[in-house]
Each structure stands twice: as C-alpha cells, then as structure tokens.
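Residue numbers (this note's numbering): 3 to 332. Built from N, CA and C at the ideal position, the CB exists for glycine as well.
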Amino acid sequence: MAPEPVRVLITGAAGQIGYSLIPLVCKGDVFGPAQPVILHLLDIPPMKGVLDGVVMEINDCAYPLLLDTVATVDEAEAFRNIDAAFLVGSMPRREGMERKDLLAANVKIFASQGRALAAHSKPSVKVLVVGNPANTNALIASYFAKDKIPARNFTAMTRLDQNRATALLARENQVPVASVEKVVIWGNHSSTQFPDASNATANGAKLAFSGHKEDFISTVQKRGAAVIAARKLSSAMSAAKAAADHMRDWFQGTDKWVSMGVISDGNPYAGAGVPDGLIFSFPCTVDPATKEWAIVPGVAFDDFAAKRIAATAQELSEERGEAQAATANA
Ligand code: NAD
Ligand code: LMR
3 MAPEPVRVLI
13 TGAAGQIGYS
23 LIPLVCKGDV
33 FGPAQPVILH
43 LLDIPPMKGV
53 LDGVVMEIND
63 CAYPLLLDTV
73 ATVDEAEAFR
83 NIDAAFLVGS
93 MPRREGMERK
103 DLLAANVKIF
113 ASQGRALAAH
123 SKPSVKVLVV
133 GNPANTNALI
143 ASYFAKDKIP
153 ARNFTAMTRL
163 DQNRATALLA
173 RENQVPVASV
183 EKVVIWGNHS
193 STQFPDASNA
203 TANGAKLAFS
213 GHKEDFISTV
223 QKRGAAVIAA
233 RKLSSAMSAA
243 KAAADHMRDW
253 FQGTDKWVSM
263 GVISDGNPYA
273 GAGVPDGLIF
283 SFPCTVDPAT
293 KEWAIVPGVA
303 FDDFAAKRIA
313 ATAQELSEER
323 GEAQAATANA
C-alpha cells in the first residue's frame, strides 16, 4: 500500500529558488522515491499570475509522486495541515548588501508565518528557513509559533555553505566530492560564519589541504556575494539543491555530519561561547527512526576556531536584538 502523502509547503514559490526546488521535491529526491507528496505553494498577490504559470509547468511535468497542488496567496490555506515547510519567500539581497540588511523587511514575514504555522500546521511540522537572514528569521518564526510547535522543529539553512566548502576541499585535494566528510559550518549564514575544515576527511583519511586556511574560509564566507556579483541575482540552483539535501537528511536520517542551523538551547559548545536562545549552525546527525536531529558533541577546536565561533555567536545575539525590536509591533 502506498504511504500517506506528505504535505509540503514552499513559500516564495514563484521565485527563483522555488523554480529549482519544486522539481527536486516532486521527483522524490527529498522525501523518497516511493513517497507521494501534495504541494502547497505560497506567494504574494502580485505574483499570482506567475504562480499560476508555475503550476501549469508542474502539471506538464506529470510527476508520478505528485498527488495534488494547492497554489495560493492565502497564508491560512498554504499552512493548513502541512508536514514540512520550506520558507523561502522573502526579499533577496542585491550587490553591496549584507544579509542582515534584509532584517527589517523579512522578519515581519517570518513573524506572520510563525503565527500561521501555530494556527494551521501540524505540531510535528519540520520547518527549514531559507529566506535571509535565515538563522534569525527561523528564530522569529519559532518564537511566534512557540505555543504549538517546539523550537527544535525550526531550522535554518547552512547546507549551501557546507556544500560550497565540501566542493572546494574536494577540488583543492583532487578527491571525489562524495568522499569528503566532516566539513562543518559553525554559526550564522553570513560573512561571520566559520567554515571549519580541521576535521575534514576523504574516505576516512585526513585531507592534506585542510586545517584553517584564510583563503578557504573567506571564499566560503563570501561565496553568496560572489554569485550575486556574477549573476546579478542570488544563488538559486545551488540553494535549492542544498535545501533539498537538508530536508532529505532531516526526514530520512543520516549518520554523516551535516550542518544545520538549530536552536542552541543546552548545546554542547556553551564553553566556546555559544549561548542558549540562538539558531546556530552546528554539525548534526539525524536518527532515521525518530527523524530527530542531535548536535555532534566533542568536536575538537583550537583557539583560532574558538574566536571565530564566539564572533559568529555574537553577531547572532545582535541580530536577535534587532529582530526583536523590528517585530515588537508585528
Ligand atoms: P526571489 O525574489 O526570486 O523569490 C522570492 C519570492 O518570494 C518572490 O516570488 C516573492 O514574491 C515571494 N515572497 C515575498 N514575500 C513573500 C511572502 N510574505 N510570502 C510568500 N512569498 C513571498 O528570491 P530567491 O532568489 O528565490 O531567494 C529567496 C530568499 O532566499 C532570499 O531571502 C535569499 O536571500 C534567500 N537565500 C538563502 C540562501 C541560504 O543559503 N540560506 C541561499 C540563497 C538565497
Ligand atoms: C547565498 O549564500 O548564496 C544566499 O544567502 C544569497 C546571499 O544573499 O548571499
């Protein structure tokens, strides 16, 4: 017998990431090759015509796993009864901006969607925030949903940074990308993130090019800006792939280290300066039976790493303060 369908929401579905993410979800790359899905697509009223065009194309793909598509500009309808949410819809940054420059515009969206999650979604819903500033938006959404949905159901995407770092290490070391493991992104999806290659391996063996290399760190930190400078648009194909990787590992489980922005309450790295109350990227594994993530404890770091972990935590604490001010009247 076919399993019950999962209801999957993608917000910003008429945008560029949505256009690359929808096929991955519908083909079974995220929830599995035998798992039927019902798509919920949300965008804003001025984009209704574009959204209708996206639905025409979805229909024309004739995806065997797709049972139905709910395309709407109404939050209540979009969030009703969902099992998983990709919160993508928001304003992207343009050249010369930092992601946190989007805070004032975007946290309001996530406050409203946090309320909609609490009002309409399943309490077990798994939420991945992609829209920037992703960590702080996830924190805001979880705050506004807190009466119904546990904070651990809210995550922010740093998988794109992990994928960028992994691909770079594979190229530098001339090893297959699939052989590289234990690359960690600590902290914020911003230019203070700490891409940590010091524990990285290929087929279990330590990499020759690893450790703390300034070039490697800054290339990964600034990769989003480099893509914007080249494309005049922010990353979309790679962002959608990373979102699919993140949700697949969360739904299907993994014993590999995967970087996820998760609630830092009770985290094992408080000694390195990571306080409670932030959505902070840590190395995580996911139990396939319970679909619950756990932060990998005991990852070694030196003074160089500790300084960077503390700096990105500091930035997230500041963003949290600004976001709270921005949503005070939301
Ligand atoms: P886009 O402008 O192409 O699409 C965004 C879509 O969201 C638009 O269709 C817009 O109408 C819609 N939207 C705006 N407000 C909405 C709301 N309240 N509800 C529903 N939909 C709404 O942008 P994009 O390139 O798809 O990027 C989306 C977001 O993802 C941006 O914030 C971008 O910075 C972020 N991003 C994050 C990562 C990451 O690694 N975390 C990577 C790439 C992009
Ligand atoms: C990225 O990392 O590519 C995205 O967060 C888009 C951006 O603003 O950098």
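- Terminal residues of the beta strand (DSSP E) in which residue 109 lies: Unbroken run through residue 109 is the alpha helix (DSSP H), 105 to 122; no beta strand (DSSP E).
- Message: I'd like to know if residue 152 contacts chain C, where contact means its C-beta is closer than 8 Å to some C-beta of that chain.
- Response: Absent from the structure is chain C; it holds one protein chain and no more.
- Would you mind giving the Cβ-Cβ distance between residue 77 and residue 123, rounded to the nearest angstrom? I have them listed as a contact below 8 Å. Not confirmed; about 11 Å, so no contact.
- DSSP state of residue 125, grouped into three classes? coil
- When the Cα of residue 193 is compared with those of 49, 228 and 175, which residue comes out closest? 228
- Query: Can we count residue 323 as close to the ligand LMR, meaning its CB is less than 7 Å from some heavy atom?
  - Reply: no
- Task: Following the continuous alpha helix (DSSP H) through residue 94, name the residue where it begins and the one where it ends.
- Result: Unbroken run through residue 94: none, as it is neither H nor E.
- Message: Between the alpha carbons of residue 258 and residue 278, how many angstroms are there, rounded?
- Response: 25 Å
- Item | Beta-carbon gap between residue 303 and residue 297 smaller than 8 Å | no
- Message: Distance check for residue 293 and residue 25, CA to CA, integer angstroms please.
- Response: 23 Å
- Message: Only counting the same chain, and skipping five residues up and downstream in sequence, which positions put a Cβ closer than 6 Å to that of residue 69?
- Response: 7, 38 and 40
- Query: If you run the structure through DSSP and keep just helix, strand and coil, what is residue 88?
  - Reply: strand
- Query: Using the C-alpha atoms, what's the distance from residue 21 back to residue 243?
  - Reply: 11 Å
- Query: Looking only at DSSP bridge pairs, what is residue 157 linked to?
  - Reply: 130
- Message: When you compare the CB positions of residue 199 and residue 171, do they come within less than 8 Å of one another, or not?
- Response: yes
- Message: Going by DSSP in three states, residue 39 sits in which element: helix, strand or coil?
- Response: strand
- Query: Would you say the beta carbon of residue 230 comes nearer than 7 Å to a heavy atom of the ligand LMR?
  - Reply: yes
- Task: Grab me the residues of residue 144's own chain with a C-beta within less than 6 Å of its C-beta, minus the 5 sequence neighbours each way, in chain order.
- Result: 153 and 156
- Please indicate yes or no: does the CB of residue 191 lie closer than 7 Å to some heavy atom of the ligand LMR? yes
- Item | Counted within 10 angstroms of its Cβ, other Cβ atoms place residue 4 as buried (16 or more) or exposed | exposed
- Since residue 13 contacts residue 90 with CB under 8 Å, what's their CB separation in whole angstroms? 6 Å
- Query: Quick one: does the C-beta of residue 154 sit closer than 7 Å to a heavy atom of the ligand NAD?
  - Reply: no
- For residue 176, is the classification buried or exposed, using 16 other Cβ atoms within 10 angstroms of its Cβ as the cut-off for buried? exposed
- Name the DSSP bridge partner or partners of residue 336? Since the first residue of the chain shown is 3 and the last is 332, residue 336 is not available in this structure.
- Item | For residue 183, three-class secondary structure by DSSP | strand
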